[in-house]
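J.:
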Amino acid sequence: MPTVALPALAAHAVAGLLITCAPIGAWFWLRRRFDLAWRDVGVGAAVFVVFALGLERTLHLYLLQLNPVTAQWLRMPALFVIYGALMAGLFEETGRWLGLRFLTRKPGGAATPVAYALGHAGIEAWLIGTASQAQMVMFGIAANRGELDARLAASGAEAMTGTIHAMLAQLSPWLAAGAFAERIAAMLIQFTLTLVVWHAVRQRRFVIVVLAVLLHALADLPAALYQVRVMPLAVTEAIYAAIAVLLAATCWPPQGGRKIGESSLR
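Mapping of the sequence shown onto the UniProt record's numbering: position 158 corresponds to residue 158, and the numbering continues sequentially without gaps.
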């Protein structure tokens, strides 16, 4: 009997495909309203890779694994939640401010933060959302073939066998829908935070960046609570689905930004 039901695998494969297509669809929709520049999109993507996947994860590696003192402290769920949420906000919002302040077009109109947010949110959706769904589908296929444990052992990840089996047992169409909603919420949160930091850049008020850090930490709080097993996955996904609906209804990008005769593909 298969370890993972085929409808669940199919649902997660579809969720991965939809997450992949979401930034592409956003690009085609937004370019009709804004003078989007590839430079600004690239800056947003590069800042996320450098600050979130590079610098932040390097700090996590040191504090959570290499330094025995901090690793012991951060085993406490409350400290881990505070640390995880604040570090995500600190690195991403500092990087966002630097990118918008020094690397995007000068001068920039409303199209600049929109293009930046698209790059930041898009690369995050692909590297985290699409990748995680694809990984789960591949694990599920391997489990159904009876090959998962052997593959994990061969790759040196045998210690994660129990965790991965537990994750596979949770896969379902509802969970796939929640994962897609969570990624859409994350994209909308990135757009909203980019607009907040853009105001900080335009008004030259760094205190607004501090506000963005705190808002980012608040947005990451449900995920951090799930990581320490305080909040169930279904509740976490439901919260992000509600956030997606709220932001979609209230936080659309500003109007305008395209100049007559200008290309959107610079």
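Yeah, the Cβ is synthetic: ideal placement off N, Cα and C, and Gly gets one too.
These figures come from a predicted structure and were not determined experimentally.
On the CB-based measure, 16 or more other CB atoms within 10 Å of its CB, does Ala24 come out buried or exposed?
T.: According to the sequence displayed, residue 24 carries Ile and not Ala. It is exposed - the Cβ of Ile24 has fewer than 16 other Cβ atoms within 10 Å.
J.: Thinking C-beta only, is Gly89 closer than 9 Å to Val245?
T.: no
J.: What does the alpha-carbon distance come out to for the pair Phe80 and Arg202?
T.: Distance between the alpha carbons of Phe80 and Arg202 is about 34 Å.
J.: With respect to the alpha helix (DSSP H) encompassing Gln190, which residues constitute its N-terminal and C-terminal limits?
T.: Pro173 to Gln203
J.: Select from Leu86, Gly42 and Ala46 the residue whose C-alpha is nearest the C-alpha of His60.
T.: Leu86
J.: Can you give me the start and stop residues for the alpha helix (DSSP H) that residue 269 sits inside?
T.: Within the shown structure, residues of the chain are numbered from 1 to 266, placing residue 269 beyond reach of any answer.
J.: Going by beta-carbon coordinates alone, are Pro222 and Pro7 separated by less than 9 Å?
T.: no
J.: Which word fits Gln190, buried or exposed, when buried means at least 16 other C-beta atoms lie within 10 angstroms of its C-beta?
T.: buried
J.: Quick check on Arg39: does DSSP put it in helix, strand or coil?
T.: helix
J.: At which residues does the alpha helix (DSSP H) containing Asn144 begin and terminate?
T.: Ala131 to Asn144
J.: Should Ala71 go down as buried or exposed, given a rule of 16 or more other Cβ atoms within 10 Å for buried?
T.: exposed
J.: Among Ala169, Phe51 and Arg204, which has the Cα closest to the Cα of Glu124?
T.: Phe51
J.: For His12 versus Leu233, is the C-beta spacing smaller than 9 Å?
T.: no
J.: How would you call Val69, buried or exposed, if buried means at least 16 neighbouring beta carbons within 10 angstroms?
T.: Answer is exposed; the Cβ neighbour count stays below 16.
J.: Using only CA atoms, which one of Leu148, Glu237 and Asp40 lies nearest to Ile184?
T.: Glu237
J.: Below 9 Å between beta carbons: does that hold for Ala143 and Met187?
T.: no
J.: How many angstroms separate the CA atom of Tyr62 from the CA atom of Trp73?
T.: Between the C-alpha atoms of Tyr62 and Trp73 there is a straight-line separation of about 13 Å.
J.: Along the chain, where does the alpha helix (DSSP H) that runs through Tyr226 open and close?
T.: Val207 to Gln227
J.: What did DSSP end up calling Ala157 once you bin it into helix, strand or coil?
T.: Coil.
J.: Just tell me which of Arg105, Leu18 and Ile82 has its CA closest to the CA of Leu36.
T.: Arg105
J.: Compute the beta-carbon to beta-carbon distance between His216 and Leu193, rounded to the nearest angstrom, for a pair I have assumed lies under 8 Å.
T.: 6 Å
J.: I need the boundaries of the alpha helix (DSSP H) containing Tyr83, first residue and last residue.
T.: Its alpha helix (DSSP H) spans residues Pro77 to Leu98.
J.: Helix, strand or coil, according to DSSP, for Val4 in the structure here?
T.: coil
J.: Out of Arg33, Trp97, Asp149 and Ala181, which one is the CA nearest neighbour of Ile208?
T.: Trp97
J.: Identify, in the order they occur along the chain, each residue of the same chain with its Cβ nearer than 7 Å to the Cβ of Met231, setting aside the five sequence neighbours on each side.
T.: Pro222 and Leu225
J.: Just checking: is the beta-carbon of Asp35 within a distance shorter than 9 Å of some beta-carbon in chain C?
T.: The structure shown contains no chain C; it holds only a single protein chain.
J.: Which residues mark the beginning and the end of the alpha helix (DSSP H) in which Leu61 is found?
T.: Arg57 to Leu61
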